[in-house]
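Heads up, the thing below is written out as structure tokens.
Number of protein chains: 2
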Amino acid sequence: MTTASDAKGRPHRAPRGEGDRLRVELLDAAERLLAEKGSIEAVSVRAVATAVGVTPPSIYLHFEDKDELFFEVCRRGFLDFGAGLAAALEGVEDPVEQVRALGRAYVRFGLERPEQYRILFGQKVAIPGSIETPDELPGMQAFQVLVDAIERGVEAGAFRDGDPVTMAIGLWATTHGYVTLTHFEEDAPDELPIGGALEDVLDQAIHGILA
Amino acid sequence: MTTASDAKGRPHRAPRGEGDRLRVELLDAAERLLAEKGSIEAVSVRAVATAVGVTPPSIYLHFEDKDELFFEVCRRGFLDFGAGLAAALEGVEDPVEQVRALGRAYVRFGLERPEQYRILFGQKVAIPGSIETPDELPGMQAFQVLVDAIERGVEAGAFRDGDPVTMAIGLWATTHGYVTLTHFEEDAPDELPIGGALEDVLDQAIHGILA
DNA sequence: GCGTATAACTTATCAGCGTTAAGTTATGGT
DNA sequence: ACCATAACTTAACGCTGATAAGTTATACGC
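From first to last, the protein sequence lines stand for chains E and W.
Take the first sequence: its letters are residues 1 to 211, numbered as in the working numbering.
Take the second sequence: its letters are residues 212 to 422, numbered as in the working numbering.
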């Protein structure tokens, strides 16, 4: 077992210029293990390393530390999320309905992928020093999509005349809170009637910013 | 140092029936250290033990494990939370203003004690098996306070004619989401303009359920 | 006031964690 | 064919949460 292949026959050493191959494999493994275990603390650096057939210190050739590794995992996950939101806008013309569609898409993502959502939004992820502007923060573009939709609604006279960013914060807070509470409900011993209230909750939130 | 007193001269062994004295001291120390360090992971069992002048294994005579210790810390904190909500209602007659006051009190707690809030509402600590009904879940009574306030508002004709529980869910989701997002903002390198939007967000949410 | 059961706490130790320093080996340009 | 070095390993550090086994002080029955 001193020679270089794991169970899948993978040679341990990548060719010269392609050290990043291991980097990607580490991210894939970390993402998978994270979905399995459900929390960052439950996924050890050692587990990630052995999952791809490599020793733990190799990770530190590609990531500053464990935090950076999992931050990167989350950043990748946010790309899916953003894509889902963007897709929700397609074919919807009315700005109010666009906002409603975004809310539904947001909640759908949160409920269909609870583990991933919890990691992205519900858990404290250390932010590496390499990130300096808010634009680089994962999820920020997704927020901007919402702000833009509201802005269109304001210009169209559908929403009240106010700061779109503030309205977006309120809506984001509502949907995020709804998702989190539904997660909590699922973990709770008996259930609150939260799960079925989405449409009403969205109605209320949107009604709150109508003109 | 084999004999039994720490820096404060505290004898290490409690009298016969009063083993719970150490339990309380451990909870106090854990709460203080949690506030200092800002996260559970940063507070080791060893640190809690030595803070009260005791060895680490002593903790396990009073708590199942580290999770239970810190869940208990938060459960105590929740008594303050409930009291804060109740206090927020005092002197406020108008149901709409009562709901607004509850929202403010909720957010205030979430922002002043972020770690405690994260543990209680963020489902970061496993719920001990000893809890069996929702009523025992921390925060459930607080939710009922909100439902009752809304119900009064509905009866007074101030809020729309609908299910108070559904409206409460929407408002709870909004405040909870607002708190969570503000936590996220504080961890971020630069800031979103979330922190100062509370009053507007509350306005929107309440406006959404007005008659 | 003595004996003794046991509550209250300690000693010693475990396996696992994230991380680092130093060593090794395969690779590709010259 | 050489050799600089990218890519990875070996070995180890100090820390963590946790447990099993040992010790000591206390309070109650007699």
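Note that beta-carbon positions come from the ideal geometry of N, C-alpha and C, so glycine has one too.
Sorting E/His183, E/Gly208, E/Gln204 and E/Thr55 by C-alpha distance to the C-alpha of E/Gly110 places E/His183 at the top. Within chain E, Gln204 have C-beta atoms less than 7 Å from the C-beta of W/Ile420, given in sequence order. Under the three-state reduction of DSSP output, E/Phe81 falls in the helix class.
DSSP places E/Ala158 outside any alpha helix (DSSP H), giving it a letter other than H or E. The Cβ neighbour count for W/Thr391, taken over all protein chains shown within 10 Å, is at least 16; the residue is labelled buried. Selection E/Gly103, E/Ala51 and E/Val201 evaluated against E/Arg32 yields E/Ala51 as nearest (Cα-Cα). Between the alpha carbons of E/Ala105 and E/Glu36 lies a distance of about 24 Å. For W/Val365, same chain residues with a beta-carbon under 7 Å away, outside a window of 5 residues either side, are Asp372 and Pro375 in chain order.
Beta-bridge annotation (DSSP): E/Leu210 is paired with E/Phe159. The C-alpha of W/Ala241 lies about 17 Å from the C-alpha of W/Glu323. The segment 268-278 of chain W and the segment 293-304 of chain W do not touch, with fewer than 3 CB-CB distances between them shorter than 8 Å. With at least 16 other beta carbons inside 10 angstroms of its own, W/Gln309 counts as buried. Residue nearest to E/Ile119 within the set E/Leu146, E/Ala211 and E/Gly139 is E/Gly139 (criterion: CA-CA distance). Ranked by Cα distance from E/Ile40, the options E/Tyr60, E/Val24 and E/Glu68 are led by E/Glu68.
Taking 9 Å as the cut-off between beta carbons, the residues of the segment 164-180 of chain E near chain W are Val165, Thr166, Met167, Ile169, Gly170, Leu171, Trp172, Ala173, Thr174, Thr175, His176, Gly177, Tyr178, Val179 and Thr180, in sequence order.
Linking E/Arg100 to E/Phe143 through their CA atoms gives a straight-line distance of about 14 Å.
Under the 8 Å criterion on CB atoms, E/Ala83 is classed as non-interfacial with respect to chain W. E/Val201 has a beta carbon lying within less than 8 Å of a beta carbon in chain W. Annotation: W/Gly249 to W/Arg319 spans about 17 Å, alpha carbon to alpha carbon.
Nearest to W/Ile361 by C-alpha distance, out of W/Thr385, W/Ala408 and W/Ile420, is W/Ile420. Nearest CB-CB separation between W/Ala246 and chain E: not below the 8 Å threshold. Relative to the Cα of E/Leu202, the nearest Cα in the group W/Leu409, W/Gly407, W/Glu410 and W/Thr377 belongs to W/Thr377. Pairing W/Thr386 with W/Gly314, the inter-Cα distance amounts to about 6 Å.
Close to E/Ala197, with beta-carbon spacing below 7 Å, are these residues of chain W in chain order: Thr377 and Ile380. Sequence-distant partners of E/Leu27 (beyond 5 residues in either direction) whose C-beta falls short of 7 Å from its own C-beta, in its chain, are Glu72, Val73 and Arg76. Straight across, the Cα-Cα distance linking W/Val259 with W/Phe289 is about 21 Å.
Check the Cα spacing between W/Phe292 and each of W/Gln327, W/Val256 and W/Tyr389: the tightest is with W/Gln327. Going by DSSP, W/Tyr317 is part of the alpha helix (DSSP H) stretching over Pro306 to Glu323.
Counting only the Cα atoms, W/Leu245 lies some 19 Å from W/Pro268.
Taking C-beta atoms under 8 Å as the contact rule, W/Leu357 and W/Tyr389 fail to qualify, at a distance of about 15 Å.
By a beta-carbon distance limit of 8 Å, W/Leu233 contacts W/Val265. Their separation comes to about 7 Å. Secondary structure of W/Gly407 (DSSP, three-state): helix.
Between W/Ile270 and the set W/Ala298, W/Leu296, W/Glu236 and W/Asp359, the nearest pair of CA atoms involves W/Glu236.
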